[in-house]
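Data block below; observations after.
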Amino acid sequence: MSEATERVAVACPSCSPAEPVVHEVLKPGGQTTVRCTECSHTHKTKIEEPETVECDVIVSQDGESFATATDVPAGESLAEGEEFVLDTPEALLTVRITSLEVGDDQRPESATAEDIDTIWTRVVGNVGVDVTLNPQDGRDETRSIELRVPGDYEFTVGEREDLADETFTVKGIHLRADATGYGFDRLDHEEDMAFAKDIDRLYADDESSSAWSVW
Ligand SMILES: [Zn+2]
C-alpha cells in the first residue's frame, strides 16, 4: 500500500525534450514506461541503471567465517578500516574491511571496486570481547571470559562494569591491529576509552568474587 512511486528525471518528448523533468515510473523494465509529472504525457524510455561490480566477501565472526558477495558501485573506492552494512541471506551485518585482495594476491590499503577480487571483513555490529579478570583477594585464580556486546559499546579505564553477571573494573585495554584513531595499541590511563569492536582484550579487576568475600 505504502510503496512509494519511483521517480526519475528524464526528458519529456511532449513538454521538455531538452531538459530532464520528473516522471513517475509506471512500468519498470528495459524499456521503462514513465509519465511526465509536468504534462502527464506517457512514454517509454531507457533508464540507465547505475553500474555495479560484484565482489566476493569473506565475513569473519567469532573465529568462524563464511563467503558471500556484494554489489559495489562501479568506480567506488574501498579502503581498509571502512565499515559498511552487508546484506546477507540471514541478516544485515555491520562489517569492517580488514583487507582488500586484488589480482596477484596483492593487499593494498585501498582499491577501486573493479580491481577488487575479495573483500575481507569482520562483523563489528555485535562483538565478543575477551576479558582477563584478576582476582582482588589473591584466593581466586585469574579468569578469562568472553562478553558479547554491541560493537559501539564503550569501555573506559577505571570504570566499573556490570555485564552478564560479572562485575569488574577496567584496568587496561589492548586494541586490535585494525583499530584506528587511538594513537596507542594499549590504553591504561584513567578515562581512556575504546569501542568494543576495536578491543582485542580487556584487563580488569574482578569484583564478582570480592562481593562474596564481603562476608
Ligand atoms: Zn511532459
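At position 104 of the sequence shown (counting the first as 1) the number is 89 in the numbering used here, and the numbers step up by one without a gap.
The C-beta atom is built at its ideal place from N, Cα and C for all residues, glycine as well.
From a predicted model like this one, the values you see are computed outputs, not experimental measurements.
How long is the line joining the alpha carbons of Cys(-3) and Gly14, rounded to whole angstroms?
-> So the two alpha carbons sit approximately 18 Å from each other.
Counting Cβ pairs, one atom from each stretch, are 3 or more of them under 8 Å apart for the region 88 to 104 and the region 163 to 171?
-> Not touching, per the Cβ criterion.
Near ligand 1: Glu4 beta-carbon under 6 Å from a heavy atom | No, the beta carbon of Glu4 sits no closer than 6 Å to any heavy atom of ligand 1.
Is it a yes or a no for the region 140 to 152 touching the region 172 to 187, going by three-plus beta-carbon pairs under 8 Å?
-> Flag = yes, the region 140 to 152 and the region 172 to 187 touch.
In whole angstroms, what separates the C-alpha of Ala179 from that of Lys31?
-> For Ala179 and Lys31, the distance between alpha carbons rounds to 50 Å.
If you drop the 5 nearest sequence neighbours on each side, which residues of the same chain put their C-beta closer than 6 Å to that of Thr152?
-> Here the set comprises Glu192 and Ser193.
Measure the CB-CB distance between Cys40 and Ile82 and report whether it falls below 7 Å.
-> Taking 7 Å as the cut-off, the Cβ atoms of Cys40 and Ile82 do not count as close.
Rounded to whole angstroms, what's the CA-CA distance from Val155 to Asp183? Just pull it up for me.
-> Straight-line spacing of the CA atoms in Val155 and Asp183 works out to 15 Å.
Unbroken beta strand (DSSP E) run spanning Ala(-6), endpoints = First-last of the beta strand (DSSP E) with Ala(-6): Arg(-8) to Cys(-3).
Strand pairing of Ala96, partner residues [DSSP] = In the DSSP secondary-structure assignment, Ala96 is bridged to Leu63.
Kindly identify the DSSP beta-bridge partner or partners of Val134.
-> As a beta-bridge residue in DSSP terms, Val134 pairs with Val112.
With hydrogens ignored, establish whether the beta-carbon of Glu9 is closer than 6 Å to any heavy atom of ligand 1.
-> No, since every heavy atom of ligand 1 falls outside the 6 Å radius drawn around the Cβ of Glu9.
Find the nearest neighbour of Leu187 within the set Phe169, Asp122 and Glu131, judged by alpha-carbon distance.
-> The option with the nearest alpha carbon to Leu187 is Glu131.
Glu49 Cβ short of 6 Å to ligand 1 heavy atom set | False, no ligand heavy atom lies under 6 Å from that Cβ.
Near ligand 1, which residues have their beta-carbon closer than 5 Å to a heavy atom?
-> My final list is Cys(-3), Ser(-1), Cys0, Cys21, Glu23, Cys24 and His26.
How many whole angstroms separate the CB atoms of Arg133 and Asn111, which I take to be in contact at a CB cut-off of 8 Å?
-> Right, their Cβ atoms sit about 7 Å apart.
DSSP on Ala149, reduced to helix/strand/coil?
-> The answer is coil: DSSP assigns Ala149 none of H, G, I, E or B.
Measure the C-alpha to C-alpha separation of Asp47 and Pro135 and round it to an integer number of angstroms.
-> Each residue's Cα considered, the two are about 14 Å apart.
Where do the N-terminal and C-terminal ends of the beta strand (DSSP E) with Glu12 fall, by residue?
-> Position check: residue 12 holds Lys in this sequence, whereas Glu was assumed. In the DSSP assignment, Lys12 falls within the unbroken beta strand (DSSP E) covering Ser1 to Lys12.
Mind checking Glu86: buried by the 16 CB within 10 Å criterion, or exposed?
-> Burial call: buried.
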